[in-house]
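The structure appears below as structure tokens.
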Amino acid sequence: MQRRMVQLFGLVAIVLALSGEAVAQRNATESWDPSSREFPSSGPSDSSSGSGAAAAGRNATLDSLNKILSASQLSALDRSMYLSIRAFQLSRLGRDADSQKDIAEMGRVLPSDWQVVMSLAMPSLAGGGDRAAALRTLDSALARKPGDPSLMVAQAQVYMQIADFPRALGLLDSALANAKSDSERRAALFFRGHANFNLGNYAQAADDFNGSLEGRPTLKSKISPLLWRYAAQVRARRDARAALARDVGAESLNEWPGQIVRFLLGKGSSGELEVAAESDETAKRSNGKCPSAFFIGMDAVRRGDKQRAREQFQLAQARCPTTSEMNWAASSELKRL
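The opening residue of the sequence shown carries number 12 in my numbering; numbering runs sequentially from there.
As structure tokens, then:
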């Protein structure tokens, strides 16, 4: 199932590219204003040729999806993936009844996991710019499966893209209360940590990230919650370095993003980290310059260097797409410096 979930992200990227709305990685010289990509206006535009071109692009994407979904050889998971994307596109076109039919069909072809497919697709599709359509689609999905933790976590992610962290926090509280499996609990805690972090509830965020570590057997699976717990503990004025060193232990930090941990523990310079972010193959594939800027900023916060922190968070804003937790956090931290 994990391999197939990776495939989903590839499918989402293809459809976004087809509609001309792929989410670009922002480079270091580009300014980024998260508020510039809020909900679109709901009313029609009388004279905008741009909106006509966008509608044509959405219809082209819909035609492509219709052709793909007409194939009989699609697996249940593949069909559910494409149905989720088409449900989103139909919602964008104002065809909510048809969108809901696709969601119902997802449940028929993949009864046990359709909501997981939906929860992975919608935040990525929302990052293309139409958060309102993503939220409508998730509302329709929740109407079919009320209280589903995966769908509520996905809604919270979309709300965090538009900096509505209080609403995200409420959804994540509910997701955690409804979690029935360890994986659902970990996901709800991890994203609740982000909501709390961006609201300045740093002690609660640190506890959430710490809770999301439970049941993760390897450093590779632990490293993201560990790094975020470090950031929250720094801001909560706890001994973040000691906690990080304790949980990393004697693990090798030679593979990305281990170099970030090494830097935070004082075992490497910021210059060495920046070189690794630009030269390590794994880092290059995953936009390593984004987290390197953010965590260099967090190290500056730990040391009390506000100017350095401000510079690095501005760099993280520019480098990290709006779907990235580091973009959200960098924006929030800049407001507090």
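Yeah, the Cβ is synthetic: ideal placement off N, Cα and C, and Gly gets one too.
Pairwise C-alpha distance: residue j and residue i
i	j	result
Val127	Ile96	13 angstroms
Pro236	Phe220	5 angstroms
Cys331	His205	15 angstroms
Lys112	Ser297	35 angstroms
Ala216	Leu180	11 angstroms
Ala341	Gln325	7 angstroms
Val312	Asp159	37 angstroms
Leu348	Ala188	34 angstroms
Ala251	Met92	40 angstroms
Ala167	Val286	34 angstroms
Lys78	Thr72	10 angstroms
Val120	Gln84	13 angstroms
Leu264	Ser303	15 angstroms
Leu182	Gly118	23 angstroms
Gly31	Val259	Any reading at Gly31 needs caution, since the residue's pLDDT is 42, under 50, leaving its predicted position unreliable; the model's value is listed next. If you take the alpha carbons of Gly31 and Val259, they lie about 42 angstroms apart.
Gly63	Leu131	Summary for Gly63: the model assigns pLDDT 49, below 50, so the residue's position carries little reliability; its value from the coordinates is reported in the next sentence. C-alpha separation (whole angstroms): 29 angstroms.
Val245	Met129	35 angstroms
Pro134	Glu292	26 angstroms
Gly222	Leu101	38 angstroms
Ala154	Gly277	50 angstroms
Ser81	Pro157	30 angstroms
Gly88	Asp124	Note on identity: in this sequence residue 88 is Leu, with Gly being the wrong assignment. Rounded to the nearest angstrom, the two C-alpha atoms are 8 angstroms apart.
Gly139	Val272	31 angstroms
Glu266	Arg197	24 angstroms
Start-to-end residues for the alpha helix (DSSP H) that takes in residue i
i	result
Cys301	300-314
Leu130	In the sequence as presented, Leu is not what sits at residue 130; that position holds Ser. Per DSSP, Ser130 belongs to the alpha helix (DSSP H) from 125-137.
Gly140	Careful: Gly140 lies outside any alpha helix (DSSP H) and carries neither H nor E.
Arg119	107-120
Gly282	281-290
Leu101	87-103
Residue i in three-state terms, based on DSSP
i	result
Thr229	coil
Ile271	helix
Ala82	coil
Ile173	coil
Thr334	coil
Arg248	coil
Ala261	coil
Leu149	helix
Lys346	helix
Ala190	coil
Asn221	helix
Glu266	coil
Gly204	helix
Asp184	helix
Lys295	helix
Asp159	coil
Leu210	coil
Lys317	helix
Leu276	coil
Residue i versus the options, residue with shortest Cα-Cα distance
i	options	result
Ile173	Leu264, Ser102, Thr333, Glu262	Thr333
Ser194	Tyr213, Ser185, Leu224	Leu224
Asp218	Lys231, Ala242, Met309	Ala242
Ala327	Gly139, Gly277, Ala143, Gly308	Gly308
Glu322	Ala256, Ser335, Glu344, Glu262	Glu344
Asn338	Phe208, Gly226, Arg246	Phe208
Cys301	Gly315, Ser335, Glu292, Ala154	Ser335
Asp109	Arg147, Ala261, Arg240	Arg147
Arg314	Phe99, Arg249, Gly269	Arg249
Ala256	Trp239, Pro157, Leu275, Pro268	Leu275
Pro268	Arg106, Ser290, Ala253	Ser290
Leu238	Ala254, Gly226, Gly138	Ala254
Ile247	Asn212, Ser280, Gly138	Checking the sequence, you will find Ala at residue 247 rather than Ile. It is Asn212 whose Cα lies nearest to the Cα of Ala247.
Ser281	Ala320, Ser232, Thr229	Ala320
Lys231	Leu210, Ala329, Glu262	Glu262
Ala98	Ala87, Lys295, Asp89, Ser151	Ser151
Phe202	Gln270, Ala214, Ala190, Val164	Val164
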